[in-house]
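*Asks:* Numbering (my numbering), first residue to last: 133 to 245. To start, I am sharing the structure in question, which I have written as C-alpha cells.
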Amino acid sequence: MEILMCIVAGILFTAATYLMLSKSILRIIIGTGLLSHGAHLLILTMGGLKKGAAPLLGEHAKSYVDPLPQALILTAIVISFGVTSFFLVLAYRSYQELGTDDMDQLRGNDQYE
C-alpha cells in the first residue's frame, strides 16, 4: 500500500510541476495546491500506514498509531489553505488592475502583445 501511495504522490508532484511551469496564474495556483496535497500524502505515507488503536493512555492495545504525521498534516493543511486563499485574492486583484493573467504580460515583457 505504501508503494501505491508513493506513486500517487509522485503523480501529484509531476502534475503540480507541469501546472506551475505554465503561463497562466490560475494554473500556477492550482499547481501549488496539488503540490501541497502531494506533500501531505507523502508525509502520511512516510509516517507508516499502520492499523492500530488511538494512542490513549487508558487503552491496552497491541499496537498504536503514531499521531505525529497526522498532526503535521493537519497543520500543513491549514497553512496551505491560507496560502492558496492569499494567492487567489492576489490573482483576482491583479486581474482587476491589469486585465490579464498571463505571467509574461505581468512581468512587463512587451514582445508577447
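Every residue, glycine too, gets a C-beta built ideally from N, C-alpha and C.
Rounding to the nearest angstrom, what Cα-Cα distance links Val140 and Ser217 in this structure?
*Replies:* Spanning the two alpha carbons is a distance of roughly 25 Å.
*Asks:* If we count Cβ pairs, one from each stretch, closer than 8 Å, do we get three or more for the stretch 184-193 versus the stretch 160-176?
*Replies:* No, because fewer than three Cβ pairs between the stretch 184-193 and the stretch 160-176 fall closer than 8 Å, the two stretches do not touch.
*Asks:* Is the stretch 152-163 touching the stretch 175-184 in the sense that three or more CB pairs, one from each, lie closer than 8 Å?
*Replies:* Counting Cβ pairs under 8 Å, fewer than three are found: no touch.
*Asks:* For the alpha helix (DSSP H) holding Met330, just list the boundary residues, first then last.
*Replies:* With the chain covering 133 to 245 only, the question about residue 330 has no answer from this structure.
*Asks:* What are the partner residues of Tyr196, as DSSP defines its beta bridges?
*Replies:* For Tyr196, which the question treats as bridged, DSSP gives the partners Ala185.
*Asks:* Mark Ala148 as exposed unless 16 or more other C-beta atoms lie within 10 angstroms of its C-beta, in which case mark it buried.
*Replies:* Buried is the call here.
*Asks:* Just mark Ile157 as buried or exposed, buried being the case when its beta carbon has 16 or more other beta carbons within 10 Å.
*Replies:* Looking at its Cβ environment, which holds 16 or more other Cβ atoms inside 10 Å, Ile157 is buried.
*Asks:* Should Gly240 be labelled buried (16 or more other beta-carbon atoms within 10 Å of its own) or exposed?
*Replies:* Exposed.
*Asks:* From what residue to what residue does the alpha helix (DSSP H) around Ser168 run?
*Replies:* Residues Ile157 to Met178.
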